[in-house]
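Chains as they are written, first to last, in the numbering used here: chain X, 6 to 331; chain L, 151 to 483; chain S, 88 to 360.
(1) Determine the DSSP secondary structure at residue 227 (chain X), reduced to helix, strand or coil.
(2) Give the straight-line distance between the Cα atoms of residue 137 (chain X) and residue 110 (chain X), rounded to the nearest whole angstrom.
(3) For residue 271 (chain X), tell me which candidate among L:387, L:442, L:381 has the shortest Cα-Cα distance.
(4) Would you call residue 25 (chain X) buried or exposed, if buried means 16 or more other Cβ atoms sit within 10 Å of its Cβ?
(5) For residue 126 (chain S), count neighbouring Cβ atoms within 10 angstroms of its own Cβ and tell me buried if that reaches 16, exposed if not.
(6) Considering only the beta carbon of each residue, do residue 160 (chain S) and residue 233 (chain S) sit closer than 8 Å?
(7) Of all the options L:240, L:302, L:285, which has the alpha carbon lying nearest to the alpha carbon of residue 352 (chain L)?
(8) Report the three-state DSSP secondary structure of residue 167 (chain S) (helix, strand or coil).
(9) Could you check whether the Cβ of residue 272 (chain X) sits closer than 7 Å to any heavy atom belonging to the ligand MN?
(10) To the nearest angstrom, report how far apart residue 199 (chain S) and residue 397 (chain L) are at their CA atoms.
(11) Using a Cβ-Cβ cut-off of 7 Å (strictly less than) and excluding sequence neighbours within five positions of residue 96 (chain S), which residues of its own chain qualify?
(12) Considering only C-alpha positions, which residue in the set X:321, X:227, X:239 is nearest to residue 315 (chain X)?
(13) Could you tell me the distance, in whole angstroms, from the CA atom of residue 80 (chain X) to the CA atom of residue 12 (chain X)?
(14) Give me the Cα-Cα distance between residue 293 (chain S) and residue 137 (chain S), rounded to the nearest whole angstrom.
(15) Nearest to residue 254 (chain X) by CA position, among X:234, X:266, X:264, X:273, is which residue?
(16) Going by DSSP, which residues form a beta bridge with residue 78 (chain X)?
(17) Do residue 286 (chain X) and residue 348 (chain L) count as a contact pair if the criterion is CB distance below 8 Å?
(18) Go through its chain and collect everything with a Cβ distance to residue 249 (chain X)'s Cβ below 8 Å, but skip five positions before and after it.
(19) Apply the 10 Å Cβ neighbour rule to residue 243 (chain S) and answer buried if 16 or more other Cβ atoms are within range, or exposed otherwise.
(20) For a contact defined as C-beta to C-beta under 8 Å, what are the partners of residue 55 (chain X) on chain L?
(21) Excluding sequence positions up to five away, which residues of its chain have a Cβ less than 8 Å from the Cβ of residue 67 (chain X)?
(22) Let's test the definition: count the other Cβ atoms within 10 Å of the Cβ of residue 316 (chain S) and tell me whether it reaches 16, buried, or not, exposed.
(23) Starting from residue 254 (chain S), find everything on chain L with Cβ-Cβ shorter than 7 Å and list it in chain order.
(24) Whole angstroms are fine: how far does the CA of residue 326 (chain S) sit from the CA of residue 296 (chain S)?
(25) When you check each C-beta in the region 158-186 of chain X against every C-beta of chain L, which residues fall closer than 9 Å?
(26) Compare the Cα-Cα distances from residue 194 (chain S) to each of S:219, S:231, S:178, S:224 and report the closest residue.
(27) Between the region 251-262 of chain L and the region 331-347 of chain L, can you find at least three pairs of beta-carbon atoms closer than 8 Å?
(28) I'd like the span of the alpha helix (DSSP H) that includes residue 410 (chain L), first residue to last.
(29) I'd like to know whether the C-beta atoms of residue 250 (chain S) and residue 344 (chain S) end up nearer to each other than 8 Å.
(30) Label residue 481 (chain L) either buried or exposed according to how many other C-beta atoms from any shown protein chain fall within 10 Å of its C-beta, with 16 as the threshold for buried.
(31) Can you give the beta carbon distance from residue 210 (chain L) to residue 375 (chain L), rounded, assuming they're within the 8 Å contact cut?
(32) Can you give the Cα-Cα distance for residue 258 (chain S) and residue 320 (chain L), rounded to whole angstroms?
(33) Using CA atoms only, rank isn't needed, just tell me which of L:421, L:204, L:427, L:339 is closest to residue 406 (chain L).
(34) Along chain L, which residues have their Cβ under 7 Å away from the Cβ of residue 258 (chain S)?
(35) Residues of chain L with CB under 7 Å from residue 270 (chain S), in chain order?
(36) Check the C-beta distance from residue 335 (chain S) over to residue 166 (chain S) and give it rounded, since I have them as a contact under 8 Å.
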C-alpha cells in the first residue's frame with residue numbers, strides 16, 4: 006500500500022502473558038487499509054484476528070499486551086497514545102461493532118439515548134439536537150418506525166435490530182474506519198444478508214473504510230476487496246479477495262478452500278469427499294517452531310521446521326508467507 | 151391435508167414417520183388470570199425418513215426445527231400427532247425410554263458442553279452399555295474400542311477426560327456416544343457449526359462414512375446450507391412451525407419453488423458475488439401472532455393479495471418428491 | 088498463594104479439634120463428668136490443672152477435650168442431614184421444575200424467613216433436650232442455603248448437552264441427577280457444607296448455653312459457657328477456654344471452606360486444566 010493509506014499496521018506483535026512468560030499471539034503482522042476500502046481478516050479461533058482489531062482501537066487488556074511494531078492511522082502513530090487521546094479517536098474516527106450486540110449495549114438505557122450520546126460526546130451537540138439526530142441515524146440503518154424505536158431498550162429488540170443499533174452508534178460520527186468483528190455470526194442467514202448489505206451501503210456512502218473480521222471465508226470474499234488470511238498469529242496470505250478462492254497460494258488457504266462444502270458445489274460437480282486438513286488448531290501457548298502451519302502442512306519439508314518463512318510478494322499481486330507457496 | 155407418502159414409498163423402507171405433529175407451548179396466564187396464549191412451535195408437520203437417508207432440516211431460529219427434533223427424540227411430548235420410529239409410536243405414553251434410546255440418538259452442536267467434564271471417555275461410553283444390559287466386561291471393552299476406532303480415536307484414549315481433547319476430537323467422542331448403542335437413526339444438531347473451519351471437513355467426512363458403515367439414517371439440523379447440500383439426500387425447509395418446502399436435495403438447491411427457500415439460498419454470501427436471487431427483508435414475525443393467510447407473506451418478495459387471505463396454504467405436491475406450501479408455486483416455476 | 092494459607096491454617100485448626108476429640112480419653116487428665124471435687128473449685132490455670140477448674144472443681148482441660156466430641160458430632164451429623172435434604176430438594180426442584188419447583192422454592196423461602204435458631208429452639212422445646220434432639224433440630228433447620236445453591240447450580244447444568252445426552256441414552260431421571268448433575272455441583276456444596284458445619288457448632292453452643300441443648304453435667308462447650316456465667320469476673324478461665332475452643336473450631340471450618348472454594352471453584356479449575 007502506498008503512503009496515503011488510512012491505516013498501516015507494521016510488524017504488529019501482540020503478546021499473551023501467562024505468568025512470567027510472553028507468547029507471541031500475533032507476530033509480524035503487516036497490512037494496510039486505504040480510505041474507503043473494505044479489508045477482510047479471516048481465520049479460525051485463536052489465530053489473532055480479533056485481538057488485532059482490539060489493538061487497533063486501543064482496547065487490549067491483560068493478559069494481552071502490545072509487544073512491538075507500529076500502527077499508523079492517517080500517518081500518525083497511535084500504538085503509544087494515552088488512554089485519553091485514544092478515547093478521542095475511539096467512536097469518533099475509529100469505531101467498532103461486535104458479534105453480540107447485547108453485551109455491547111447498555112441494558113438500562115433506551116437505544117436512542119445511546120446513539121445520541123455519541124453526538125453529544127464527540128460532536129458537542131446538545132441533547133435535544135442529538136436525540137433528533139438519533140432518530141435520523143436509526144432511519145439510516147433501516148430500522149422501521151425509528152421515532153418510536155428510539156425509546157426502546159435493547160432487550161425489546163431482536164438480535165438483528167440490536168446489531169442495527171450498534172451500527173448506528175458506530176457510524177454516528179462518520180468514522181474513517183469501522184472495525185467489524187464477526188458482526189453477523191450470531192444472526193440468522195437472511196438477517197445476516199441484510200446487515201452485510203447495510204454495512205456495505207453505509208460505508209460506501211460515508212466513505213468509511215471497513216476492517217471485516219470473520220471465520221467465514223465466503224463472507225469475507227463476498228464483502229471485501231482484499232483479504233488477509235491469518236493462522237496461528239501470523240498473516241499467511243494477503244490477496245485480492247476472490248483470488249484467494251480461485252488461486253490460493255498458501256497451503257493453509259488452499260487446504261481451507263478445498264475443505265469447504267461450498268453452496269452449489271455438489272449441484273455443479275457432484276459430491277466428492279471433502280479434502281481434510283489434518284491435525285488440530287494449535288493453542289497460543291503451543292505455536293510450533295518454524296512455519297506455524299508446518300505440523301498440518303502437506304507440502305512440509307525440513308526448512309519449514311527449521312526456519313520461519315519470510316513474506317514473499319507474489320507476481321500476480323499480494324503477499325504470502327510460505328517456503329513452498331504456489 | 152395429511153401427507154400420503156405411502157403412495158410413493160414402500161412401507162418397509164421407512165425408518166421414521168412423523169404424522170401431523172404439533173407442539174404448542176402455553177405462555178402467560180396462570181395466577182392472575184391474564185389471557186393464556188399459545189406458541190405453536192411445531193404446527194402440523196408430516197415427515198418421513200428412509201433407511202440410509204440423510205434428511206436436512208433447515209430454517210432460521212424459531213422455525214421449530216429444534217422442537218421437532220426433540221419430539222423425534224422423545225424429549226418433548228407432542229400436543230398432537232404421532233412419531234413412528236421403526237413402526238413404534240414413541241410419543242405414546244408408556245413407551246420405554248431405553249427402547250427408544252436403542253433406535254434414535256443425537257449428536258450435539260457444542261462439543262464442549264455436551265461431554266460431562268467429570269467422566270472419562272470410557273465412563274461416558276460404558277455407562278450406556280451397562281444401562282442397556284451389556285454386562286460382560288470383555289464385551290464392554292470390545293464395544294468401546296470398536297466405536298473409538300470407528301470415529302477415528304485410539305482405544306487407549308478412553309482413559310482421558312474431555313478437557314484433554316481438542317474440539318474436533320470431542321465431537322468424535324460425542325459421535326461415539328451417540329453410536330455406542332448401535333441406533334438406527336441419529337439426529338445431528340448443527341454437528342459442525344461450533345467447530346473450527348479447518349476441522350469441519352474431518353467431521354463431515356466421518357459422518358458420511360459412518361452412515362454407510364453403520365447403516366445409519368440421519369436427520370440433520372443445520373443453518374449452513376453448504377453443509378446441508380453436501381450431506382443431505384432430501385431437505386425440508388421450515389418456517390414458523392411448518393414445512394414450507396420439501397424435496398430431494400437437487401431440486402431444493404437448483405429449482406427451489408418457495409420464495410423463502412429461494413431467499414435462504416440467496417442470503418448465503420457467494421465468494422464470487424455471482425449468485426442471483428432476491429434477498430428478503432424483515433424478521434421472523436412474533437410466533438404468538440402468526441400472520442393471517444400465508445405465514446411468510448409479510449416478508450415475501452412475490453406476495454399477492456390472495457396470500458394475505460385465510461386460509462393458510464396447504465403443502466401441495468408438485469412432483470412425487472417435491473412439495474411446496476405456496477399459493478403461487480405453479481407460477482413461480 | 089493465599090488460598091494455600093487458608094487451607095493449611097483451617098485444616099490444621101480443624102484437625103487439632105478432631106484429634107483432640109478422638110483422643111480425649113487418652114489426653115484427658117480426669118473424667119469430665121464424674122470427677123467433681125469441690126475441694127479444687129475454681130483453681131486458676133497452671134500446675135495440675137492446665138486450664139484451671141470450674142465451680143464444681145472439674146478439670147476444664149479434660150472437659151474441653153470431651154466437649155470437642157459433642158461439638159464435632161453435632162457439627163458433622165447435623166450438617167450432613169442438612170446437606171442431604173438441601174441437595175435432594177434443590178436438585179430435584181431444578182431438574183423436574185413445575186409445581187415441585189414452586190413448592191420447594193416456597194418452602195426454602197419460608198425457611199429463610201424464619202431465624203433458624205428460633206426454629207431450632209421451637210423444635211427443642213417440643214422434643215426432650217439431648218444429643219439426638221439437637222441433631223434433629225439443627226439438621227432440619229439449616230438446609231435452605233444448600234438447597235438454593237444446589238438448585239441454582241443444577242439449573243445452570245440442566246440444559247447442558249451431556250445432561251440431554253443422558254436422557255437420549257435412556258437414563259432415568261434419578262440416575263441423571265446422581266451421575267450427571269451431582270458430581271458437577273459437588274464443589275460448591277462441599278464448600279457451603281463446611282461453612283455450615285461452623286454454623287452448626289455455634290448453634291449447638293447457643294442452644295446449650297440457653298439450656299436447650301446438651302444438658303449438664305455433660306461437657307458441651309455451650310453448656311460450659313452457660314455454667315460459667317456467674318464466675319465470668321471472678322474466674323474468667325472457666326468461660327475463656329470453652330470459648331476459645333468454639334472460636335478455633337469455627338474459624339478453622341470457615342478458613343477450610345474458603346480454601347476449598349478456591350480449589351473447587353470451577354473457574355479456577357478451568358484455568359489450570
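For glycine and all other residues, C-beta sits at the position ideal for the given N, C-alpha and C.
In this structure, then:
(1) Correct three-state label for residue 227 (chain X): helix.
(2) Their backbone Cα atoms lie some 20 Å apart in a straight line.
(3) Residue 271 (chain X) has its Cα closest to that of L:381, out of L:387, L:442, L:381.
(4) It is exposed - the Cβ of residue 25 (chain X) has fewer than 16 other Cβ atoms within 10 Å.
(5) Residue 126 (chain S) is exposed by the Cβ-count criterion.
(6) Taking 8 Å as the cut-off, the Cβ atoms of residue 160 (chain S) and residue 233 (chain S) do not count as close.
(7) Among L:240, L:302, L:285, the Cα nearest to that of residue 352 (chain L) is on L:302.
(8) Three-state result, residue 167 (chain S): helix.
(9) In the structure on display, the ligand MN does not appear, and there are no ligands present to speak of.
(10) Straight-line Cα distance between these residues: approximately 59 Å.
(11) 342, listed in sequence order.
(12) The shortest Cα separation from residue 315 (chain X) among X:321, X:227, X:239 belongs to X:239.
(13) Straight-line Cα distance between these residues: approximately 8 Å.
(14) Taking the straight line from one Cα to the other gives about 26 Å.
(15) Nearest of X:234, X:266, X:264, X:273 to residue 254 (chain X), Cα basis: X:234.
(16) In the DSSP secondary-structure assignment, residue 78 (chain X) is bridged to X:12, X:81.
(17) The answer is yes: Cβ separation under 8 Å.
(18) Around residue 249 (chain X), the same chain offers 222, 226, 232, 234, 242, 258, 262 as residues with beta carbons nearer than 8 Å, after the five sequence neighbours per side are excluded.
(19) So residue 243 (chain S) ends up on the exposed side.
(20) Identification of chain L residues near residue 55 (chain X) by a Cβ-Cβ cut-off of 8 Å yields none; the smallest Cβ-Cβ distance measures about 14 Å.
(21) These residues qualify, in order along the chain: 22.
(22) With fewer than 16 Cβ atoms within 10 Å of its Cβ, residue 316 (chain S) is classed as exposed.
(23) 225, listed in chain order.
(24) C-alpha separation (whole angstroms): 11 Å.
(25) The residues in question are 163, 164, 165, 166.
(26) The shortest CA-to-CA distance from residue 194 (chain S) to any of S:219, S:231, S:178, S:224 is the one to S:231.
(27) Taking 8 Å as the limit for Cβ pairs, the verdict is that the region 251-262 of chain L does touch the region 331-347 of chain L.
(28) Bounds of the alpha helix (DSSP H) holding residue 410 (chain L) are 409-417.
(29) Contact flag unset, no.
(30) Residue 481 (chain L) should be labelled exposed.
(31) A Cβ-Cβ distance of about 12 Å is found for the pair residue 210 (chain L) and residue 375 (chain L), leaving them out of contact under the 8 Å criterion.
(32) In this structure, the alpha-carbon of residue 258 (chain S) lies about 21 Å from that of residue 320 (chain L).
(33) Residue 406 (chain L) has its Cα closest to that of L:427, out of L:421, L:204, L:427, L:339.
(34) Result: 281.
(35) Chain L residues near residue 270 (chain S): 268.
(36) About 18 Å separates the beta carbon of residue 335 (chain S) from that of residue 166 (chain S), a gap too long to meet the 8 Å contact definition.
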